[in-house]
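For the sequence shown, full-length UniProt numbering gives the first residue as 1, with consecutive numbering after it. A virtual CB, placed ideally from N, CA and C, is assigned to each residue, including glycine.
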Amino acid sequence: MPVKGIKRVQMNTRKVLAEIAGPRTERVLTEVMIVGSSHAALLTPIDTSTLINSQYKKLEPMPGGMQGKVGYTAAYAAAVHGMSGKLKGQPREHFGRTRAGKEFGGGTGKGNYWDPDAEPGFLTKGFERDGFNEIKAIIKQGYKV
Numbered sequence: 001m002p003v004k005g006i007k008r009v010q011m012n013t014r015k016v017l018a019e020i021a022g023p024r025t026e027r028v029l030t031e032v033m034i035v036g037s038s039h040a041a042l043l044t045p046i047d048t049s050t051l052i053n054s055q056y057k058k059l060e061p062m063p064g065g066m067q068g069k070v071g072y073t074a075a076y077a078a079a080v081h082g083m084s085g086k087l088k089g090q091p092r093e094h095f096g097r098t099r100a101g102k103e104f105g106g107g108t109g110k111g112n113y114w115d116p117d118a119e120p121g122f123l124t125k126g127f128e129r130d131g132f133n134e135i136k137a138i139i140k141q142g143y144k145v
């Protein structure tokens with residue numbers, strides 16, 4: 001008994017795969033970046049708002065797919081992200097001046113380090129810890145056929 005509709009199934013399969021490789025992946029990655037970066041923003045230290053306002057999202061094609069990037073343009077972002085956090089919760093003290101006359105210490109002298117809800121590794125934690133379940137659900141829903 002001959003099977004009917006093989007050509008139509010092949011054409012529809014190609015169409016679905018093309019959509020998954022293109023606009024669907026762009027949409028899913030954009031949603032993932034928005035969710036992850038919003039969770040990261042809640043953990044980002046805010047002293048002068050420069051760091052939080054320098055956040056960017058970038059979606060770019062790569063061989064074999066798409067890549068989404070979230071980062072900060074502020075020059076000191078990587079240093080703040082990589083801090084150990086051992087001063088978390090301690091008051092911002094002013095330690096004075098060096099012999100060369102350069103001030104060092106607690107910055108503004110107001111509040112505590114990493115206050116109120118900021119954490120070291122804020123960008124990573126925004127995606128891998130706080131936003132993980134939400135991101136997982138976005139990917140699952142986005143690629144549902």
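The beta carbon of S54 sits closer than 8 Å to those of Y72, T73, A74, A77, all from its chain and outside the five residues before and after it, given in chain order. DSSP, reduced to helix, strand and coil, places G36 within a helical segment of the structure shown. Non-local C-beta neighbours of E60 in its own chain, meaning closer than 6 Å and more than five positions away in sequence, comprise Q67, ordered along the chain. The three-state reading of DSSP puts M66 in strand, counting E and B together.
Distance from the CA of G82 to the CA of P120, rounded to the nearest whole angstrom, comes to 6 Å.
Between A118 and P45, the C-beta spacing is below 8 Å. Boundaries of the alpha helix (DSSP H) harbouring Q10: 6-19, taken from the DSSP string.
Only residues of its own chain outside the window of five on either side were considered, and among them N112 have a CB closer than 6 Å to the CB of G89, listed in chain order.
Shown here for T50: same chain residues with a beta carbon closer than 6 Å to its own, the five before and five after excluded, namely A74 in chain order. G142 is not a Cβ neighbour of L43, given a cutoff of 8 Å.
With respect to the 8 Å criterion, A41 and I34 are not classified as neighbours on the basis of their beta carbons.
Under DSSP, P120 takes part in no beta bridge, so it has no partner.
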